[in-house]
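Single-structure report; data block below.
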Amino acid sequence: MTTPEALTNRCFHCGDGIPSGIKITANIEGVERPMCCAGCQSVALLISGADLGAFYRQRSEYPPRPDTQTGEDAESFADPDWIESFATENADGSLQVPLLVSGMSCAACTWLIERFLDELPEVRAVSVQLSLSRVVVTIAPKSSVAAVVSVLQRLGYGARPWRNDLRISALRESNKRDLRRLGVAGLGMMQVGMFAIALHAGDIQGIDAEIKQLLRIFSAPLTLFVLFYSGRVFFEAAWRHLLQKTLVMDTSVSIALIVATIASLWATYRGDGETYYDSVTMFVFFLLLARYAERRLRDADLIALAKVDDQLPEFVLVKVGDAWERKQRAKVQLEDVVHVPAGEALACDGTVVSGESAINEAVFTGESLPRSVGPGDAVFAGTINAANALDIQVTADHRRSRLAMLQENVSLAREQKPPYLRLIDAIAARFVGFVLMASFTTWAVWTWLGNDQALWSALAVLVVACPCALSLATPAAIASGTAWLRRHGVLVRGEFGLLAAADSNVLLIDKTGTLTETRLEIAHTIPFHDADPQLLIGLAASLQRFSTHPAAIPFHNLEADQSVSDVVSIPGKGMKGRWEGGEVRLGSVDFIAEIAPGAAPPDDAEYWVGLADSRGFMGWIGLQETLREGAISAIGQLQKAGLDVTVVSGDRAPRVERIADLLGAQWVAAALPEDKLALLQRHQGAGDCVLAVGDGFNDAAFLSAADASVAVANASALTQAEADFVITRDKMTLLPVIVRLSHRVRSIIRQNLLWAGGYNLIGIPFAAIGWVPPWVAALGMSFSSLLVVLNSLRLRRESIA
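Structure, rendered in structure tokens:
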């Protein structure tokens with residue numbers, strides 16, 4: 001096996017050929033290594049000088065030459081205003097700077113960048129995502145990014161600000177390249193196929209030897225062009241993994257293509273024997289087609305969100321004093337007031353301060369009907385103002401908007417590889433080794449028997465047993481399921497959660513804000529000394545009308561007693577005012593006891609507020625939480641699906657018990673965050689698969705440790721970051737939908753694996769005994785992969801809700 005180090009006539013650093021007369025070397029771990037230019041020598045000496053020569057032993061590909069990488073100059077990153085346009089400031093003042101880094105070619109580059117940047121005093125954290133060509137650096141407050149970029153450039157990498165549109169642009173360029181390769185392969189297959197039909201017809205009806213040879217000669221260059229233009233992706237992937245001493249399905253694909261092509265060229269040269277140019281082109285085309293379909297399926301969410309991003313206005317009207325100024329979207333700041341004309345997309349998240357309209361939120365919820373909004377309502381970037389003009393106060397700029405978070409989450413989820421999929425990849429790698437051995441054995445046996453079909457039977461085994469369908473079985477189903485959930489209002493952050501949710505048998509769910517609404521409602525009024533209940537409500541409404549406390553909200557729409565005056569709020573206690581010549585109070589037990597001692601609430605099952613005046617205690621008003629719409633139905637469906645449901649809350653036992661009884665669930669009260677985590681771990685220790693649901697900051701660790709986790713609508717940003725699923729609509733009924741969909745995904749995966757595995761196991765012996773010619777094997781393998789993708793696409797059309 002050839003390794004980069006073995007190619008002594010090439011540059012040890014970048015692998016390029018060394019021009020004649022160039023004698024540049026660098027001492028790497030005690031050995032003088034040849035270099036093609038001063039740039040490579042400089043980078044190599046930098047790496048060696050930092051005692052990181054292990055980079056050269058770990059790499060599986062050559063990095064590009066330093067002078068071929070483009071990016072912004074390091075000096076550009078010294079401009080704080082420019083940095084602010086793409087970096088994010090953390091709560092402690094540190095900056096999180098995302099960079100698009102060119103030139104990263106393998107895992108060794110990741111290792112090298114992390115080691116060098118970790119040594120910089122201003123750097124607090126480094127995260128390198130090779131598949132995204134992305135490096136996220138967290139630097140100390142008031143530090144310069146220029147030093148980070150300077151190190152990257154000295155290592156031979158180019159750096160520029162990371163923007164999602166650059167990622168989408170790269171995806172689109174990749175899609176164009178894939179289409180060109182697919183188109184060339186398709187045209188080549190059709191043309192070579194026409195020659196093959198003539199050759200096959202000639203074998204039956206008779207054909208002049210000269211014409212037969214001419215058709216073969218015409219087929220050869222077309223096949224070679226398809227092979228080395230369209231099929232080069234297989235050879236490149238196989239070579240990369242061979243350098244890492246691993247086998248992948250592209251290994252067997254490459255061997256099959258090379259063997260078939262060489263054998264066909266030899267037969268053409270000799271003018272005797274069989275040629276399989278049509279099989280080669282057909283194999284390349286159908287394999288590329290299957291992979292293209294799977295990739296498009298996987299990229300669908302990112303492309304859809306990119307279209308939304310393209311619709312955002314580049315300039316917006318911002319209120320400055322009494323006038324409106326036109327500003328770039330990137331220059332809008334928190335608390336700016338932005339004018340949004342009717343029919344235009346919102347550029348930022350915000351709160352409506354003026355106007356009433358209807359907002360189309362299909363990008364987040366999948367709902368076609370717009371939502372009515374007015375002053376005080378939250379609105380989000382990427383949604384469409386469908387009716388009247390609005391003025392909104394910005395609550396999150398374009399980098400921190402809900403749309404940006406959605407794009408980030410989809411991008412990260414796309415790059416993740418669930419444990420189940422890693423297992424399938426490992427099986428496929430071992431299967432490739434088995435296939436190569438089976439192919440060699442087939443050739444050896446037929447050769448020993450003296451049969452001239454030895455080569456073609458061995459080739460058929462290689463082709464028919466390609467584990468392409470096996471490798472596509474899981475990601476195709478997961479991508480399709482993820483797309484279905486997004487369209488119905490559920491964002492999938494971690495794809496492995498989709499598989500874990502299907503195995504869950506325990507549901508641990510938070511109460512406050514998750515099962516219940518954030519607002520309270522008046523449940524009971526208990527007057528003292530024959531006080532009029534309506535009088536209590538009227539006085540309470542008067543005292544609460546200007547309060548923003550959650551306990552005040554139920555009173556805001558009630559008729560107030562206008563005779564109450566001088567109302568003031570006492571933080572942490574309640575409200576007080578003047579009524580009928582004396583003081584009147586509404587609030588906690590201790591606050592009321594100051595003027596009416598001895599009053600005690602009836603129980604702990606509700607939130608009680610007391611009312612008293614200078615003459616004594618007047619009565620209690622009981623407030624209680626209300627279940628979210630659809631909560632009872634959702635929990636009932638999950639229980640029918642076999643999940644053991646427990647309500648876990650930090651609230652008092654009577655309040656938790658009341659909610660749990662409404663749901664027919666078990667309950668745990670007074671649970672601190674560490675108690676929730678301990679309960680979850682006890683279930684996992686007992687062998688349970690736990691689905692956790694929450695909304696608050698205190699649920700973040702709980703959700704992170706669960707086998708699968710869901711954050712409900714309006715959950716905190718930290719909670720959403722830790723969850724596998726984020727419900728973007730205020731609909732609890734989506735919770736059982738997630739579980740049902742996960743079961744369907746698992747079922748589709750099993751169908752795909754059964755088909756792919758069964759096809760390979762049945763096809764290999766038939767190919768080995770010569771019953772399956774290579775061209776039939778190529779068709780069968782390709783259609784097997786397409787069938788897996790088409791079967792997965794059924795998820796997009798099914799009605800699971």
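The letter at position 432 of the sequence shown is residue 432 when you use UniProt numbering, and the numbering goes up by one with no holes. For every residue, glycine included, the Cβ atom is placed at its ideal position computed from N, Cα and C. Here the structure is a predicted model, which means the values were calculated and not measured.
Alpha carbon to alpha carbon, how far is residue i from residue j?
{"i": "L485", "j": "I738", "result": "8 Å"}
{"i": "F528", "j": "R585", "result": "15 Å"}
{"i": "V192", "j": "L787", "result": "25 Å"}
{"i": "V690", "j": "M618", "result": "48 Å"}
{"i": "V789", "j": "A477", "result": "8 Å"}
{"i": "F766", "j": "T474", "result": "27 Å"}
{"i": "A686", "j": "G694", "result": "22 Å"}
{"i": "D604", "j": "A612", "result": "20 Å"}
{"i": "T351", "j": "L334", "result": "11 Å"}
{"i": "S799", "j": "T482", "result": "14 Å"}
{"i": "S480", "j": "Q720", "result": "22 Å"}
{"i": "D452", "j": "L187", "result": "32 Å"}
{"i": "A263", "j": "F434", "result": "23 Å"}
{"i": "W771", "j": "R65", "result": "50 Å"}
{"i": "A389", "j": "E356", "result": "8 Å"}
{"i": "S563", "j": "K576", "result": "13 Å"}
{"i": "V645", "j": "V492", "result": "22 Å"}
{"i": "E5", "j": "R240", "result": "Reliability fails at E5, whose pLDDT of 43 lies under 50, so the model's placement of it is uncertain and no value is given."}
{"i": "S569", "j": "S542", "result": "12 Å"}
{"i": "N175", "j": "G103", "result": "20 Å"}
Pull up the DSSP beta-bridge partners for residue i, would you.
{"i": "S372", "result": "A358"}
{"i": "W667", "result": "V647"}
{"i": "M575", "result": "S569 and L586"}
{"i": "Q720", "result": "For Q720, which the question treats as bridged, DSSP gives no partner whatsoever."}
{"i": "residue 803", "result": "Nothing about residue 803 can be read from this structure; the chain reaches only from 1 to 801."}
{"i": "G608", "result": "Per the sequence shown, residue 608 should be read as Trp rather than Gly. The partner list for W608 (beta bridge, DSSP) reads G622."}
{"i": "E521", "result": "Q624"}
{"i": "G350", "result": "V379 and V394"}
{"i": "W324", "result": "K319"}
{"i": "F725", "result": "V492 and V710"}
{"i": "E89", "result": "L95"}
To which residues of the same chain is residue i closer than 8 Å at the C-beta, ignoring the five residues directly before and after it?
{"i": "D278", "result": "M189, V192, G193, F195, A196, S219 and W775"}
{"i": "K212", "result": "L199 and G202"}
{"i": "D651", "result": "K511, T512, A669 and A670"}
{"i": "W324", "result": "L317, V318 and H339"}
{"i": "F315", "result": "R326, K327, Q328 and R329"}
{"i": "L623", "result": "L520, E521, I522, A523, A551, P554, E606, Y607, W608 and V609"}
Leaving aside the five residues before and after residue i along the sequence, list all residues of the same chain whose C-beta is less than 7 Å from its C-beta, in chain order.
{"i": "V614", "result": "As written in the sequence, residue 614 is Ser, which differs from the Val given in the question. The answer, listed in chain order, is G582, E583 and I595."}
{"i": "P773", "result": "W456 and A460"}
{"i": "K417", "result": "In this prediction, K417 scores a pLDDT of 49, lower than 50, which makes its location untrustworthy; the coordinate-derived value is nonetheless stated afterwards. Cβ neighbours of K417 beyond the five flanking positions: none."}
{"i": "M35", "result": "C11, F12, H13, I24, T25, A26, Q41 and A44"}
{"i": "L117", "result": "V123, V126, V137, V148 and V151"}
{"i": "S649", "result": "D510, K511, T512, V656, A669 and A671"}
{"i": "T733", "result": "G630, S633 and A634"}
{"i": "T441", "result": "none"}
{"i": "A140", "result": "S94, E122 and R124"}
Enumerate in chain order the residues of its own chain whose CB-to-CB distance from residue i is below 6 Å, with the five nearest sequence positions on each side excluded.
{"i": "E29", "result": "G53"}
{"i": "T626", "result": "E517 and E521"}
{"i": "A502", "result": "S742, H743 and R746"}
{"i": "G366", "result": "Bear in mind that a pLDDT of 49 at G366, under 50, signals an unreliable position, so the number given afterwards is only what the model happens to contain. Excluding sequence neighbours, G366 sits near R487, H488 and G489."}
{"i": "G616", "result": "A596"}
{"i": "S354", "result": "D391"}
Original post:
Do the stretch 221–229 and the stretch 741–752 touch if we need at least three Cβ pairs shorter than 8 Å?
Top reply: no
Original post:
Below 8 Å, can you find three or more Cβ-Cβ pairs linking the stretch 439–457 to the stretch 699–709?
Top reply: no
Original post:
Taking three-plus beta-carbon pairs below 8 Å as touching, is the stretch 378–386 in contact with the stretch 331–347?
Top reply: yes
Original post:
Hey, which unbroken runs of the alpha helix (DSSP H) at 4 residues or more fall wholly within the stretch 31–57?
Top reply: 38–49
Original post:
Taking three-plus beta-carbon pairs below 8 Å as touching, is the stretch 139–149 in contact with the stretch 23–38?
Top reply: no
Subject >> Segment contact, 8 Å Cβ cut-off, at least three pairs: the stretch 634–643 with the stretch 544–559 >> reply: no
**OP:** Enumerate, from N- to C-terminal direction, the unbroken beta strand (DSSP E) stretches of 3 or more residues contained entirely within the stretch 101–148.
**Re:** 123–129 and 134–139
Original post:
Any contact of the stretch 675–682 with the stretch 653–666, i.e. 3+ C-beta pairs under 8 Å?
Top reply: no
Original post:
For the stretch 177–246, which segments carrying the beta strand (DSSP E) assignment without a break, of at least 3 residues, lie completely within its bounds, in sequence order?
Top reply: Counting only runs of 3 or more, we get nothing.
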